[in-house]
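Read the structure below first, then the notes.
There are 2 protein chains.
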Amino acid sequence: MNAEVKNEMNIDVKNIGDFLKSHGIRPSYPRVKIYEYLIRHKNHPTVDMIYNSLADVIPSLSKTTVYNTLNMFVDKNVAIVLEMNDSEARYDADVSLHGHFRCVKCGSIYDFNLDSSDFRPRGLDNFLVSEVQVTCKGICAGCRT
Amino acid sequence: MNAEVKNEMNIDVKNIGDFLKSHGIRPSYPRVKIYEYLIRHKNHPTVDMIYNSLADVIPSLSKTTVYNTLNMFVDKNVAIVLEMNDSEARYDADVSLHGHFRCVKCGSIYDFNLDSSDFRPRGLDNFLVSEVQVTCKGICAGCRT
DNA sequence: AGCAATTTTGTAATCATTACAATATTATTA
DNA sequence: TAATAATATTGTAATGATTACAAAATTGCT
């Protein structure tokens with residue numbers, strides 16, 4: 234185990250290609266870079282944020298590729314789209330159960346922990362629940378002062 | 234208490250006007266009809282669903298009015314927009330804490346109960362949380378058979 | 001009734017996302 | 001390695017939900 238090439242999700246960034254392959258995604262350069270962006274920037278980026286940031290390192294990059302790639306990531310379950318009524322979709326490579334809080338003043342989005350044992354949807358017997366998202370709105374600590 | 238003019242939210246539909254007034258909304262005819270639609274149809278309607286249904290009873294109705302009115306309802310906290318990545322926004326007059334499940338096969342949206350005691354966001358100390366929504370995705374019991 | 005404020009309406013603009021076809025890249029086979 | 005097939009990327013155009021805006025209609029108030 235080599236800590237310095239691990240991120241907090243325990244994914245070796247040097248081996249993003251293998252990770253993508255193991256999820257049925259051919260690791261082209263744009264795909265690896267976009268996935269790398271997602272796990273390095275935990276700020277729930279929009280397509281534009283990703284595109285603007287990667288346009289330097291991949292000069293030929295098209296915004297359509299970013300859209301296509303993210304849709305594929307969601308399809309292959311290596312990323313989620315936040316269930317959040319923002320004007321632009323926001324993406325997250327952390328597919329584990331956790332909540333999101335959006336501050337209506339500053340627009341920041343915060344992650345928060347959520348124990349799965351906390352949370353029991355009642356009355357969905359015989360339903361196959363593949364994804365759960367908890368979304369909160371309000372004013373963050375910083376904006377309240 | 235007159236049960237036949239109460240709906241399941243315990244709001245006298247004859248007094249929607251008073252209810253809206255008490256929330257700072259002047260009860261114009263379109264507003265009353267749109268709110269009445271929301272409490273009578275619990276199927277999380279889109280703007281188009283509301284517009285198409287009310288166009289008969291209010292021939293002059295404009296889709297812009299439906300948008301304006303729903304935005305005002307959300308602003309005045311008598312309705313919510315579901316935090317759900319659908320192509321069209323969906324509205325709900327039930328502003329109490331409850332969850333939504335969307336079946337990815339048939340598109341139906343189900344409500345489910347959620348005990349507030351079940352659910353404790355961790356690490357949002359000093360945050361003012363004004364709204365919580367829980368959104369699930371998967372396959373409903375009917376579509377699994 | 002008359003005037004001011006508010007609401008509604010219709011059309012046009014906006015803007016995120018997708019459709020699509022052409023080009024480029026990668027994998028496969030001989 | 002060269003030829004060919006499959007897949008990925010790109011740019012532009014189309015789509016479609018939502019908003020902007022100004023004119024017309026309605027409402028509330030004196």
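Those sequence lines, one after another, are chains A and B.
Its first residue numbered 234, the first sequence is counted upward by one per residue in the working numbering.
Its first residue numbered 234, the second sequence is counted upward by one per residue in the working numbering.
Beta carbons are placed, not taken as given, at the ideal position from N, Cα and C, and that holds for glycine.
Exercise for review: Kindly say whether L347 of chain B, judged by its beta-carbon, lies nearer than 9 angstroms to any beta-carbon of chain A.
Suggested key: yes
**Study point:** Buried versus exposed, by CB contacts within 10 Å (16 or more), Y262 of chain B
**Key:** exposed
**Study point:** Cβ contact (3+ pairs, closer than 8 angstroms) linking the segment 327-341 of chain B and the segment 363-374 of chain B
**Key:** yes
Exercise for review: Name the two residues that bound the continuous alpha helix (DSSP H) containing G371 of chain A.
Suggested key: First-last for G371 of chain A: 361-372, but that is the beta strand (DSSP E), not the alpha helix (DSSP H).
Point to revise | Segments of 4+ residues assigned as alpha helix (DSSP H) that fall wholly inside the segment 235-307 of chain B | key: 249-255, 262-273, 280-287
Check your understanding: Residues of chain B with a CB under 7 angstroms from the CB of K309 of chain A: which are they?
Key -> Chain B residues near K309 of chain A: none, gap ~15 angstroms exceeds 7 angstroms.
Exercise for review: Give, in chain order, every residue of the segment 299-328 of chain A whose Cβ lies closer than 9 angstroms to some Cβ of chain B.
Suggested key: V314, L315, E316, M317, N318, A322
Check your understanding: Where does the unbroken beta strand (DSSP E) through R335 of chain A begin, and where does it stop?
Key -> 332-336
Practice item. Mind reading off the beta-carbon distance from C369 of chain A to P354 of chain B? Whole number of angstroms is fine, and I expect it under 8 angstroms. Key: 6 angstroms
**Study point:** chain A contacts made by the segment 353-367 of chain B, where a contact means CB separation under 8 angstroms
**Key:** R353, P354, R355, G356, L357, D358, N359, F360, L361, V362, S363, E364, V365, Q366, V367
Exercise for review: Quick one: measure Cβ to Cβ for V290 of chain B and K266 of chain B, integer angstroms, because I've assumed they're closer than 8 angstroms.
Suggested key: 7 angstroms
Review point. Can you name the residues of chain A whose CB is closer than 9 angstroms to the CB of C369 of chain B?
Key: P354, L357, F360, V362, S363, E364, V365, Q366
Exercise for review: Check each candidate in B:V311, B:F334, B:V280, B:Y300 and name the one with the smallest Cα separation from G250 of chain B.
Suggested key: B:V311
Point to revise | Supposed close pair A326 of chain B, T279 of chain B - CB separation, criterion 8 angstroms | key: With a Cβ gap of about 14 angstroms, A326 of chain B and T279 of chain B do not count as contacting.
Point to revise | Euclidean distance between Cα positions of Y268 of chain B and Q366 of chain A | key: 28 angstroms
**Study point:** Residue closest to L347 of chain B, alpha-carbon to alpha-carbon, out of A:G356, A:K275, A:N346
**Key:** A:G356
Practice item. Output the boundary residues of the beta strand (DSSP E) element that contains D344 of chain B. Key: 342-345
Review point. Quick one: does G332 of chain A have its CB under 9 angstroms from some CB of chain B?
Key: yes
Check your understanding: From this set, A:G257, A:F334, A:R273, which residue's C-alpha is nearest L315 of chain A's C-alpha?
Key -> A:F334
Check your understanding: For chain B, is any of its Cβ atoms less than 9 angstroms away from the one on A288 of chain A?
Key -> no
Exercise for review: Anything in chain B within Cβ reach of I342 of chain A, meaning under 9 angstroms, just list it in chain order.
Suggested key: The contacting residues do not exist; I342 of chain A stays about 12 angstroms from chain B at best.
Review point. Which of the residues in the segment 250-278 of chain B, read from start to end, lie with their CB under 8 angstroms from any CB of chain A?
Key: none
Review point. For the putative contact between V299 of chain A and Y284 of chain A, defined by C-beta atoms under 8 angstroms, what is the C-beta separation to the nearest angstrom?
Key: 5 angstroms
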